[in-house]
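See below for the structure under consideration.
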Amino acid sequence: MVMSIGGGVVWANNCTDTEVRMSFNEAEGEYLHYTSGRMKQDTSCGYIKGESSSNGYSFNASLVGSDRYSNYYEDFDLIDYDVFPSDEIWMYNYVKENGYSYAAVKCESNTGSEYSVKFLWSPDSV
154 MVMSIGGGVV WANNCTDTEV RMSFNEAEGE YLHYTSGRMK QDTSCGYIKG
204 ESSSNGYSFN ASLVGSDRYS NYYEDFDLID YDVFPSDEIW MYNYVKENGY
254 SYAAVKCESN TGSEYSVKFL WSPDSV
């Protein structure tokens with residue numbers, strides 16, 4: 154989609170934030186989660202904003218390839234980010250460059266403790 158505003162051209166992409174809540178508990182084997190896949194429209198950075206963590210701990214996040222059927226693809230270099238509450242991160246990634254039309258966030262616990270997190274994310278950035 155292309156929109157013209159005041160004589161300039163603006164490319165619209167998939168930059169609407171999605172809120173996600175997830176819990177980690179390594180003792181129960183729950184240390185790794187993925188978000189649902191969302192369409193990735195360009196090679197721009199993804200975006201993630203830490204909203205809260207039940208104990209202030211961070212979690213590790215990277216953008217991976219995905220599809221609409223909850224399959225995830227990591228057959229390229231992943232760039233990891235530690236996400237703390239209130240962090241705002243533009244996530245470099247190679248999802249679109251490797252032929253994937255959907256992206257998801259791979260989330261891993263950074264501690265052995267049980268905790269939950271809330272964050273916002275989008276596959277493309279403005």
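Just so we're aligned, residue 154 is where the sequence shown starts under the numbering used here, counting upward by one.
Virtual Cβ for every residue (Gly too), placed ideally from N, Cα, C.
Compare the C-alpha of residue i against each of the options and name the closest.
{"i": "GLU181", "options": "LYS249, LEU216, GLU172, SER262", "result": "SER262"}
{"i": "ASP102", "options": "VAL236, THR264, SER219, THR171", "result": "Past the boundaries of the shown model lies residue 102; the chain is included only from 154 to 279, so the question cannot be answered."}
{"i": "PHE272", "options": "ASN178, ASP195, ASN208, ASP240", "result": "ASP240"}
{"i": "TRP274", "options": "GLU183, LYS193, LEU185", "result": "LYS193"}
{"i": "GLY252", "options": "ASP195, CYS260, ALA214, GLY209", "result": "ASP195"}
{"i": "SER215", "options": "PHE177, CYS260, GLY190", "result": "CYS260"}
{"i": "TYR234", "options": "VAL270, ARG221, PHE212", "result": "PHE212"}
{"i": "GLU172", "options": "SER189, ARG221, TYR184, ILE232", "result": "SER189"}
{"i": "ASN224", "options": "VAL258, TYR247, ASP230, ASN178", "result": "VAL258"}
{"i": "TYR222", "options": "ARG191, THR264, TYR184, GLU250", "result": "ARG191"}
Would you report the Cα separation of residue i and residue j, rounded to the nearest angstrom?
{"i": "ALA256", "j": "TRP243", "result": "14 angstroms"}
{"i": "SER205", "j": "MET175", "result": "11 angstroms"}
{"i": "ASP170", "j": "GLY203", "result": "12 angstroms"}
{"i": "MET156", "j": "PHE237", "result": "Here MET156 scores only 34 on pLDDT, less than 50, and its place in the model should not be relied on; the value that follows carries that caveat. Rounded to whole angstroms, MET156 to PHE237 spans 35 angstroms at the Cα level."}
{"i": "TYR210", "j": "TYR226", "result": "27 angstroms"}
{"i": "ASN167", "j": "TYR247", "result": "16 angstroms"}
{"i": "GLY161", "j": "TYR184", "result": "The predicted position of GLY161 is uncertain, since its pLDDT is 40 and thus under 50; no value can be drawn from it."}
{"i": "ILE201", "j": "VAL217", "result": "13 angstroms"}
{"i": "ASP230", "j": "GLU250", "result": "11 angstroms"}
Please list, in chain order, all residues of the same chain as residue i whose beta carbon is under 6 angstroms from its beta carbon, the five residues on each side excluded.
{"i": "SER197", "result": "ASP277, SER278"}
{"i": "TYR245", "result": "CYS198, ILE232"}
Which same chain residues, not among the five before or five after residue i, have their C-beta less than 8 angstroms away from its C-beta?
{"i": "GLY159", "result": "Confidence is the limiting factor: at GLY159 the pLDDT is only 39, short of 50, which leaves the residue's position unreliable, though a coordinate-based value still follows. So no residue of the chain qualifies."}
{"i": "SER207", "result": "TYR268, SER269, VAL270"}
{"i": "SER254", "result": "MET192, LYS193, ASP220"}
Please go through the same chain and pick out, in chain order, the residues whose beta-carbon is closer than 7 angstroms to the beta-carbon of residue i, but skip the five residues on each side of it.
{"i": "HIS186", "result": "MET175, CYS260"}
{"i": "GLU179", "result": "SER262, GLY265"}
Worksheet entry | Entirely enclosed beta strand (DSSP E) segments - the region 185 to 210, minimum 3 residues | If we require 3 residues or more, the beta strand (DSSP E) runs fully inside the region 185 to 210 come out as 185 to 187, 199 to 206.
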